[in-house]
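Participant:
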Amino acid sequence: MRLTTIIAVALSATVLTTPTLAQNQSVGLVVARTGDPVFAMMECGARRAAMELGFDIQVNGPPEWNAQQQIPIVRAMIASQPDAVVIDPTDAVALQAPLREALDAGMKVVTVDSELGGDLGIPHIGTDGIEGGREAGRQLVDLIHGQGTVLVVGVAPGIAITDQRHAGFMEIMGQHPDITVLEKQFAGDDPGKVSEAIRGALAAHPDLAGIHADATLIGEFVGATLRNLDRADIPAVAFDASPTEVDWLKQGYLDVLLPFNPDELGYLGVHNAAQQLAGEEVEPLVLKGYFAVTRDNLETPEAQSTIYTFDCNG
Numbered sequence: 022m023r024l025t026t027i028i029a030v031a032l033s034a035t036v037l038t039t040p041t042l043a044q045n046q047s048v049g050l051v052v053a054r055t056g057d058p059v060f061a062m063m064e065c066g067a068r069r070a071a072m073e074l075g076f077d078i079q080v081n082g083p084p085e086w087n088a089q090q091q092i093p094i095v096r097a098m099i100a101s102q103p104d105a106v107v108i109d110p111t112d113a114v115a116l117q118a119p120l121r122e123a124l125d126a127g128m129k130v131v132t133v134d135s136e137l138g139g140d141l142g143i144p145h146i147g148t149d150g151i152e153g154g155r156e157a158g159r160q161l162v163d164l165i166h167g168q169g170t171v172l173v174v175g176v177a178p179g180i181a182i183t184d185q186r187h188a189g190f191m192e193i194m195g196q197h198p199d200i201t202v203l204e205k206q207f208a209g210d211d212p213g214k215v216s217e218a219i220r221g222a223l224a225a226h227p228d229l230a231g232i233h234a235d236a237t238l239i240g241e242f243v244g245a246t247l248r249n250l251d252r253a254d255i256p257a258v259a260f261d262a263s264p265t266e267v268d269w270l271k272q273g274y275l276d277v278l279l280p281f282n283p284d285e286l287g288y289l290g291v292h293n294a295a296q297q298l299a300g301e302e303v304e305p306l307v308l309k310g311y312f313a314v315t316r317d318n319l320e321t322p323e324a325q326s327t328i329y330t331f332d333c334n335g
């Protein structure tokens, strides 16, 4: 079993400098989805930074990973006139227009986790999604011994971070001619669609060798489906490490989890916004990436430190 920590390069060494700030400044954090431990941790980090900086902070987001739900929340946030907006955009294209409105209103903007497309010049803080996808691919190759048919299940096309992960994953798959990757299935936040994708793949390919899930809820639903089918024999690699995913890992229905540090993204996103408000130049940041959590290393301090929680106190 591969045990890998991906170390990415920070492109700015000044992110934690303390800028000179005006009093009573405010920041809005728009997460990609509420009720998700990824974004609960992101909020924890953002609130910690806001407290350090003396900022007021408001946090909101849609109940589902859906651009059409997130856009009106962004516009409502803009209407409340914060000095800066930190956002994890649910779609690289659809969120360009509302974030341009924020810039036109004089607000500072920073994206975290998933990037925005276009040429708005908005600084971004995230992880290396392509390298994360490569690591997911390497882990699954090891689990299936470099051969067989693989199913990939994702949230939706157009999400920059998961698109990048898929590109890296497919790069590794392309190095193994004995592996066939089925057409990627998109399930949104719907457990029924994840189940349908897996059951359909098994009907067409009874010898399905492995499954890759590109985000938190997808990983949770893959684990649940494999449990319902009593198919712990099918290896599965999933991004993130929610409490539910960890339970499926323990029970054998997921085999590798690839978490990152969303708390850090929220924290640094607010600090980046503060630097912009102080008139400082900021650069994109690519942070330390994904640690592979397995049943073998789950109880180690390093693995335990990566598991997501809804509790800001850990």
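In the working numbering, the protein residues as written are 22 to 335. Cβ atoms here follow ideal geometry from the backbone N, Cα and C, with glycine treated the same way. Remember, predicted model here, so these are calculated numbers, not experimental data.
With a CB to CB cut of under 8 angstroms and the five nearest residues on each side skipped, what residues in its chain are close to Tyr288?
Facilitator: The residues Gly66, Ala67, Arg69 and Ala70, in chain order, have a CB closer than 8 angstroms to that of Tyr288 in the same chain once the five nearest residues on each side in sequence are set aside.
Participant: According to DSSP, simplified to helix, strand and coil, what is Gln185?
Facilitator: In the structure shown, Gln185 adopts helical secondary structure according to DSSP, grouped into three states.
Participant: So which of Glu192, Asp112 and Ser47 has the shortest CA-CA distance to Glu73?
Facilitator: Ser47
Participant: Using only alpha-carbon positions, find the residue among Ile92, Gly75 and Val258 that is nearest to Val51.
Facilitator: Ile92
Participant: Taking Thr170 as part of the beta strand (DSSP E), name the residues at either end of that continuous run.
Facilitator: Gly169 to Gly175
Participant: Which runs of the alpha helix (DSSP H) at least 4 residues long sit entirely within the segment 61-104? Give them in chain order.
Facilitator: 88-100
Participant: Taking all protein chains shown into account, decide if Arg96 is buried (16 or more other Cβ within 10 angstroms of its Cβ) or exposed.
Facilitator: exposed
Participant: Under the three-state reduction of DSSP, which class applies to Val36: helix, strand or coil?
Facilitator: Any reading at Val36 must be qualified, since the residue scores a pLDDT of 44, below 50, and its modelled position is unreliable; the value itself is stated next. Looking at Val36 - three-state DSSP - the assignment turns out to be coil, as it is neither helix nor strand.
Participant: How would you write the range of the alpha helix (DSSP H) that Thr237 sits in, first residue to last?
Facilitator: Thr237 to Leu250
Participant: Ile146 and Asn293 look like a contact to me (Cβ under 8 angstroms); what is the Cβ gap, rounded to whole Å?
Facilitator: A Cβ-Cβ distance of about 6 angstroms is found for the pair Ile146 and Asn293, placing them in contact under the 8 angstroms criterion.
Participant: Val258: which of His233, Trp86 and Arg159 sits nearest, CA to CA?
Facilitator: It is His233.
Participant: Please give the ranges of any alpha helix (DSSP H) in the segment 112-165, keeping only runs that are unbroken, at least 4 residues long and fully inside the region.
Facilitator: 117-125 and 150-165
Participant: Counting pairs of Cβ atoms below 8 angstroms between the segment 163-179 and the segment 320-328, do you hit three or more?
Facilitator: no
Participant: What are the boundary residues of the beta strand (DSSP E) that includes Val307?
Facilitator: Leu306 to Leu308
Participant: State buried or exposed for Pro144, treating a residue as buried only when at least 16 other CB atoms are found within 10 Å of its CB.
Facilitator: buried
Participant: Quick one: what does DSSP say Thr351 is sitting in, helix, strand or coil?
Facilitator: Residue 351 lies beyond the range of the chain shown here (22 to 335); nothing can be said about it.
Participant: Restricting to Cα atoms, I'd like to know which of Gly231, Ile255 and Pro283 is closest to Val173.
Facilitator: Closest in alpha carbon position to Val173, among Gly231, Ile255 and Pro283, is Gly231.
Participant: Should Gln297 go down as buried or exposed, given a rule of 16 or more other Cβ atoms within 10 Å for buried?
Facilitator: buried
Participant: Nearest CA to the CA of Leu319: which residue from Val277, Gln206 and Val171?
Facilitator: Val277
Participant: DSSP beta-bridge partners for Ile232?
Facilitator: Leu172 and Ala257
Participant: By Cβ distance below 8 angstroms, which residues in the same chain neighbour Ile78 in space, the five residues on each side in sequence not counted?
Facilitator: Here the set comprises Ser47, Val48, Gly49, Leu50, Ala67, Arg68, Ala71 and Val291.
Participant: What residues match up with Phe207 in a beta bridge as DSSP calls it?
Facilitator: Gly175
Participant: Taking Pro103 and Met128 to be in contact with their CB atoms under 8 angstroms, please state how far apart those CB atoms are, rounded to whole angstroms.
Facilitator: 7 angstroms
Participant: For the pair the segment 211-227 and the segment 236-244, tell me if three or more CB-CB distances fall below 8 angstroms.
Facilitator: yes
Participant: Please tell me whether Ile367 and Arg248 are closer than 8 angstroms, where the distance is taken between their beta carbons.
Facilitator: The structure shown does not extend to residue 367, since the chain is modelled only from 22 to 335, so the question has no answer here.
Participant: Should Ser101 go down as buried or exposed, given a rule of 16 or more other Cβ atoms within 10 Å for buried?
Facilitator: Exposure of Ser101 is indicated by the presence of fewer than 16 other C-beta atoms within 10 angstroms of its C-beta.
Participant: Exposed or buried, what is Arg186 when buried is set at 16 or more other beta-carbons lying within 10 Å of its beta-carbon?
Facilitator: A residue is called buried once 16 or more other Cβ atoms fall within 10 Å of its Cβ, and Arg186 is buried on that count.
Participant: Is the beta carbon of Tyr329 less than 8 angstroms from the beta carbon of Pro58?
Facilitator: Here Tyr329 is near Pro58, since their CB atoms are less than 8 angstroms apart.
Participant: For Thr26, which three-state DSSP category applies?
Facilitator: A caution first: Thr26 carries a pLDDT of 40, below 50, which makes its placement in the model unreliable, though a value can still be read off. If DSSP states are grouped into helix, strand and coil, Thr26 belongs with the strands.
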